[in-house]
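Each remark here refers to the structure printed beneath this line.
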Amino acid sequence: MFVGTVVYALINSVILLLMAIGFNLTFGISGVSNFAYGAFYILSAFVTWMLMNWIGVPYFLSAVLSIIFTAFIGAVMYRFILIRVRGQVLSEVIATFGIGLIILEFFRYLGFVGIEYSLPVFIDHSFVIAGTYVDMQRILIVVFCIVLILLLWLFIHHTSIGLAFRGIAQDERTALTFGIDSDWIAMLSVSMGAALAAIAATVVVPLGTISVGEGYDVLINALAVCIIGGLGSTGGVIVASLVVGFAQRFTDTYIGPHWTMIVSLVAILLVLIVKPSGLYGKQKELEERI
Amino acid sequence: MKKRKERIDRGIKVRSGDIFALCSWREMLYLSGPRLFPLIACAVLPLVLDTYWQRVLLSVAIFGLLAISWDILAQSSMVSLGQALFFGMGAYCSGAMDHYWHLSPFITIPLATIMGGVISTILLLPVLRLRGIYFAMVTLIIPLMLVRIIEATKILGGTEGISGLTSLPSHWIELYLSLAALLAALFGFRRLMDSDYGLVLKGINDNDRSVMNAGINIYWFKAQALFLSSAVGAFAGALMTHVYMFVGMPVFALDYSILPIAAVVVGGGGSLAGAVLGAFILVPLSEALRALGGLRIVFYGAFLVFFIVALPEGIFHFITRKYHQFERWVEVEK
Amino acid sequence: MSGTPLLQVVELSKSFGGVQAVNRVSFDLHKGELLGIIGPNGSGKTTTVNLITGFVKATSGKVFYQGRDITSWSPHKIVRLGISRTFQMVKPFYQLPAFKNVIIPLYSPRVKGLVGGKYGDRSAVALDLLEEVGFERDAQVAYKVASVLPQGYLKRLELAKAIALQPDLIILDELFSGLSLAEVASIVPIIEKLLLEGKTIIMIEHRLKEVFRIAHRVIVLNYGRLIADGPAEEVMENEEVKKAYLGSED
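Chains as they are written, first to last, in this note's numbering: chain A, 732 to 1021; chain B, 12 to 345; chain C, 224 to 473.
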C-alpha cells in the first residue's frame, strides 16, 4: 500500500510538472502569463482526436501535427493580440483568459463531451511494482518527462535561441541593445509554452477522457504549482510539483479523494505566508526591491 | 491638405467646473445631468419593464455591484480574478444563517455583508504582499478550490446546496433594494475614491514604496480596501441568495468572476461609473444571447479580447470625453 | 557637540549574495548637523540609507534613533518616528497631479492631525509646500500630472514630499544628480533654511563642491567600508580618500 502510494505520488508529481512547465517557461522568459494555457492543452487533445477519427491520420503523426498546430496558434495569439497589450499585465491576463474561454466554451458548444473523446495509450501493457499495478503509459510519462526536461535544459543552455531566452528573461531592455528582437523571442516563448501544453496533453490525456472542464483544472494546477515553486523558476516548479503531487496522492489514499484540492489550497496559503515569492521565487521580496 | 484633430474643453465645462461659475439652469443641468440620469433611470425602469426584464434588471444591479467591487480593488493595486469568492462568501453566510438560525433576511443580509467581507479578507491576508499577477492567480484559484472543499466535506448542504430559504417580502423590495444599493455603492465609493483616503489607495497602485515612505502602512490600507470591496461583493451574494431562495456551489462559479471583469473592461475602469455602465450593457446583452446557449460564454470571451485590444479605455471614458470636449479638424498644411 | 546622538549607526553590514555592499559602517549624527556621505559609485551609500530607513534589512549591526533600536523596523514605522527621505531614482505617483503627490504624505498618521481634515484643506497645505520648494504658483505647475514634469521638478517634488512629513531627520539621496547648476543653486537655500529650522540632514552626493560648501561633516565610503569621517577639509586631505577617488577613475 505505502510503496504503491509512493509510486503513484511520483507519477502524479510528474504529471503536474508536465502540466506546469509550459506556463512556467513562458512566464519565466517573457513575463507573459498565458491564461489560455489550459485551453491549449484541451485544444491539442481535440485536434489529435479529430485528425485521427475524422481524417484517419495515424496516432503518432496526428499527435505531432497537433503539437505543431498548437504552437502555431500560440504564436498567432501573440502576434495579433498579445503584442498590442504587451507589458500591461492585467490586459495580458484578461486577453489570454478571454481566448481560453473562447476555445474551451466553443468545444463545449460543439458538443465535444463524453467518454468517446479519448486518445489511445501508447502501449497497452501493465506492470506490478511492489504489489501495485502500474500501466505502461504512466511509466512512459515519467521517462518522457525526464527526457523532456533534459532536452529543455540543453535547449536553453546550449543554443543561441536559448541564450536569447535567458537574455530576455534577465533584462528585456539590455537584451534589446544587444540586437535580440524581444517581440520575436516573446512570440517564440508563448509558442513554446503552447507546444509544451500540447506535449503534456499528448502523453497525459490517454489516461482519461478529453473534457472541457479539464482545461480549467490544468490551468489551476499549473498556477498552483508555479505559485508554490516561485513563478519563472524551473527548479522551483520541479520541487513544487513533487510537494503537491505527494501531498495530493497521500491525502487521496489515506483521507479521501475529495480532500486533494484542500491540500493544494493549504499548501499555497502556507507557502505564501512564509515566503511570498514562492519556494524558489526569483521575484525579489519587498525589502529587497529597490 | 493635411488636417489635425483638435480637442477642446467645452466652454460650459470650464465655467461649470468651478462651483462659483454656476449661474444658469443650463449649467446646473450640465453638471447634474450625468448624476441625475442614473438616479432617474433606476427609479423609473422597474415601473416600465415587464416581470422578465425586471429580473434582468436585478441581475444588472447584482453584476454592477460586483463590477464596482472589482474596480475598487483594481484601483487599490489588487487585480482579482475571483470576484466569485466574495459573492459566494456572502451567499453562503446569509444562506447558512437563514437555514440554521432562521433569521430574517433583513438581518442576514447586513450580517452576511460584514461576515463575508471579513472572511474573504482574512483568506486573502497572506497574499496581500503579492502584487499584480501573483495576487490575480491566487484569487482565481481560491473560489474554485472552495467548491471542491464544500464537495469534499459535505458541509453547508454539500453538492446539493441549501434550498427553501426565506425570500424577501416582495419582488419590488428585491428590485429597489438592489438598485438602491447599486447607486449608494456607485456614488459613495466614487466620493471615497476622490477623497484623500482614496488618494492613498490610488497611490499604492501607482508606487507602493513611495506610500511606505510617507509613513503609511500599505498593508493596513490594502486590507481595508479588500474589506470594502469584498463586503460589496458579499452583499450582492447575500441578496441573490434570498432572491433565488437557494445557495449552492454555483455561487463560486467562474461567471461571477468573469462577468464583472468584462463589465469593467467594456465600461472602463477607474471611475466605478464605467463598471456600472458595463453591467448595464453586458447583462441585457447576455440575456439577448441566451438563445445561443453555450455560445454565450464564447461571446463574452470575444468581447473581452476585443475591448482590451481595441478600446482599452472603455466606453465610459469615451462618453465623458465627448460630453466635456468637442473636436474639430484644423488645417495644418495647405 | 555633546549629549546622546540623534542617530547612531553601529557596525552596520549588508551583503547581497556574496557582495558585501555595506561593511561594518559606524557613525553618529547629532541634532542640527548636516552630514554629507560621499564615495565612488557602488560604495554602498544608497544601501546605507536603505538600511537606516528600513527599505533593506540589515545582515548585522544596529541603528539607534533617539536611543531607540530601530534596526529592521518597517519603513512606515521609521518614517513615523521622524526620519524622512528622498529617493535617488525619483518615485512620484506618476498618474497624480503634483500637489496630490504631496497630499499622500500629509495623510500619514504623523502629520494627519496637524492639517485640517476637510475636503481641500490638505490641498492648500500641499500647494504651499510646493511653492516653498520652487513650484511657481502662477505657472500652475503644481496642477500638472507628475508624468509630464521634467526631472528638476520631480526632484523638488521628492523634497516637498519629504518635508511634508515634518521630519526631524531628512535624508536626501543624491538630490542634485541630474540637475543643472542653476537648479542646484535654487535648491541649496531651501536646504540651508531647513537647517536653520533645526532639522538634521544627511546628504548623499556626487557633486562634492556643493557638499563641501554646506556640510558640517563628511563621511566617505569605499567598497562598503567607512574610510574617513570628519570636516570636509580634513577628509579631503586623507590619503585613502584620495586613492579611492583617483583609483575609481582609472
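For each residue, glycine too, the CB sits at the ideal point set by N, CA and C. Predicted model only: the values in this text are computed from it and were never measured.
Alpha carbon of residue i to alpha carbon of residue j, nearest angstrom
| i | j | result |
| --- | --- | --- |
| residue 843 (chain A) | residue 96 (chain B) | 29 Å |
| residue 304 (chain B) | residue 194 (chain B) | 31 Å |
| residue 165 (chain B) | residue 105 (chain B) | 18 Å |
| residue 839 (chain A) | residue 943 (chain A) | 6 Å |
| residue 390 (chain C) | residue 138 (chain B) | 32 Å |
| residue 473 (chain C) | residue 907 (chain A) | Note that residue 473 (chain C) scores a pLDDT of 41, beneath 50, so its modelled location is shaky; the value from the coordinates is reported in the next line. Taking the straight line from one Cα to the other gives about 29 Å. |
| residue 913 (chain A) | residue 903 (chain A) | 7 Å |
| residue 224 (chain C) | residue 253 (chain C) | Summary for residue 224 (chain C): the model assigns pLDDT 47, below 50, so the residue's position carries little reliability, and this model does not support an answer. |
| residue 985 (chain A) | residue 735 (chain A) | 12 Å |
| residue 1000 (chain A) | residue 277 (chain C) | 26 Å |
| residue 230 (chain C) | residue 440 (chain C) | 14 Å |
| residue 226 (chain C) | residue 968 (chain A) | 56 Å |
| residue 68 (chain B) | residue 58 (chain B) | 11 Å |
| residue 209 (chain B) | residue 169 (chain B) | 40 Å |
| residue 1018 (chain A) | residue 239 (chain C) | Note that residue 1018 (chain A) scores a pLDDT of 33, beneath 50, so its modelled location is shaky and nothing firm can be said. |
| residue 897 (chain A) | residue 887 (chain A) | 7 Å |
| residue 213 (chain B) | residue 461 (chain C) | 49 Å |
| residue 336 (chain B) | residue 277 (chain B) | 21 Å |
| residue 355 (chain C) | residue 136 (chain B) | 41 Å |
| residue 263 (chain B) | residue 98 (chain B) | 7 Å |
| residue 779 (chain A) | residue 794 (chain A) | 5 Å |
| residue 220 (chain B) | residue 334 (chain B) | 37 Å |
| residue 112 (chain B) | residue 162 (chain B) | 23 Å |
| residue 268 (chain B) | residue 274 (chain B) | 11 Å |
| residue 263 (chain C) | residue 457 (chain C) | 18 Å |
| residue 797 (chain A) | residue 776 (chain A) | 8 Å |
| residue 416 (chain C) | residue 400 (chain C) | 20 Å |
| residue 61 (chain B) | residue 245 (chain B) | 28 Å |
| residue 765 (chain A) | residue 313 (chain B) | 16 Å |
Where the alpha helix (DSSP H) containing residue i begins and where it ends
| i | result |
| --- | --- |
| residue 268 (chain C) | 268–276 |
| residue 244 (chain C) | Here residue 244 (chain C) belongs to no alpha helix (DSSP H); instead the beta strand (DSSP E) covers 242–252. |
| residue 966 (chain A) | 965–985 |
| residue 768 (chain A) | 768–781 |
| residue 343 (chain B) | It is not in any alpha helix (DSSP H) - residue 343 (chain B) instead sits in the beta strand (DSSP E) that spans 336–344. |
| residue 376 (chain C) | 374–387 |
| residue 65 (chain B) | 62–86 |
| residue 890 (chain A) | Counting along the chain, residue 890 (chain A) falls outside any alpha helix (DSSP H), and DSSP gives it neither H nor E. |
| residue 445 (chain C) | Not the alpha helix (DSSP H): residue 445 (chain C) falls in the beta strand (DSSP E), residues 440–445. |
Endpoints, beta strand (DSSP E) assigned at residue i
| i | result |
| --- | --- |
| residue 285 (chain C) | 283–288 |
| residue 366 (chain C) | Looking at the DSSP string, residue 366 (chain C) is not in any beta strand (DSSP E), and its letter there is neither H nor E. |
| residue 239 (chain C) | 230–239 |
| residue 1037 (chain A) | Absent from the structure is residue 1037 (chain A), since the part of chain A shown begins at 732 and ends at 1021. |
Residues of the stretch 226–237 of chain B with Cβ closer than 7 Å to any Cβ of chain C, in chain order: 226, 227, 228
Residues within the stretch 319–330 of chain C neighbouring chain B, beta-carbon criterion of under 9 Å: 319, 323, 324, 326, 327, 328, 329, 330
Could you say if the stretch 998–1010 of chain A and the stretch 945–959 of chain A meet the contact criterion of at least three C-beta pairs nearer than 8 Å? yes
If you measure beta-carbon to beta-carbon, which residues of the stretch 139–155 of chain B are closer than 8 Å to chain A? 140, 141, 143, 144, 145, 147, 148, 149, 151, 152, 153, 155
4 or more residues per run - each alpha helix (DSSP H) lying fully within the stretch 292–349 of chain C: 298–304, 321–329
Residues in the stretch 191–210 of chain B having any Cβ partner in chain C nearer than 8 Å: 206, 207, 208, 210
Pair every Cβ in the stretch 229–247 of chain B with every Cβ in the stretch 321–334 of chain C, then say whether three or more of these pairs are closer than 8 Å. no
Do the stretch 247–256 of chain B and the stretch 152–167 of chain B meet, that is, are 3 or more Cβ pairs less than 8 Å apart? no
Could you run through the stretch 317–334 of chain B and flag, in chain order, every residue whose CB is less than 8 Å away from some CB of chain A? 319, 320, 323
Decide if the stretch 71–89 of chain B is in contact with the stretch 188–204 of chain B; the criterion is three or more beta carbon pairs, one per stretch, under 8 Å apart. yes
Given a limit of 9 Å on CB to CB distance, which residues of the stretch 228–261 of chain C reach chain B? none
Is the stretch 401–420 of chain C close to the stretch 346–353 of chain C, with three or more CB pairs under 8 Å? no
Taking one C-beta from the stretch 316–328 of chain B and one from the stretch 812–820 of chain A each time, how about it: are there three or more such pairs within less than 8 Å? yes
Given a limit of 7 Å on CB to CB distance, which residues of the stretch 804–824 of chain A reach chain B? 812, 815, 816, 820, 821, 822, 824
Would the stretch 923–932 of chain A count as touching the stretch 801–810 of chain A if we require 3 or more Cβ pairs under 8 Å? yes
The stretch 988–1002 of chain A in contact with the stretch 149–159 of chain B per 3-pair CB rule at 8 Å: yes
Does the structure place the stretch 367–374 of chain C close enough to the stretch 392–399 of chain C that three or more beta carbon pairs sit under 8 Å? no
Within 9 Å of chain C by C-beta, residues of the stretch 80–95 of chain B in sequence order: none
Pair every Cβ in the stretch 356–364 of chain C with every Cβ in the stretch 298–316 of chain C, then say whether three or more of these pairs are closer than 8 Å. no
What ranges does the alpha helix (DSSP H) occupy inside the stretch 137–201 of chain B, keeping only unbroken runs of at least 4 residues that lie completely in it? 144–164
Whole alpha helix (DSSP H) elements within the stretch 192–271 of chain B, 4-residue minimum: 207–217, 219–223, 229–255
The stretch 196–204 of chain B in contact with the stretch 12–19 of chain B per 3-pair CB rule at 8 Å: no
Quick one, which residues of the stretch 921–955 of chain A are near chain B if we go by CB-CB under 9 Å, in chain order? 947, 948, 950, 951, 954, 955
Between the stretch 736–751 of chain A and the stretch 868–876 of chain A, do three or more beta carbon pairs fall short of 8 Å? yes
Continuous beta strand (DSSP E) assignments of at least 3 residues falling wholly in the stretch 397–466 of chain C: 423–427, 440–445, 448–453
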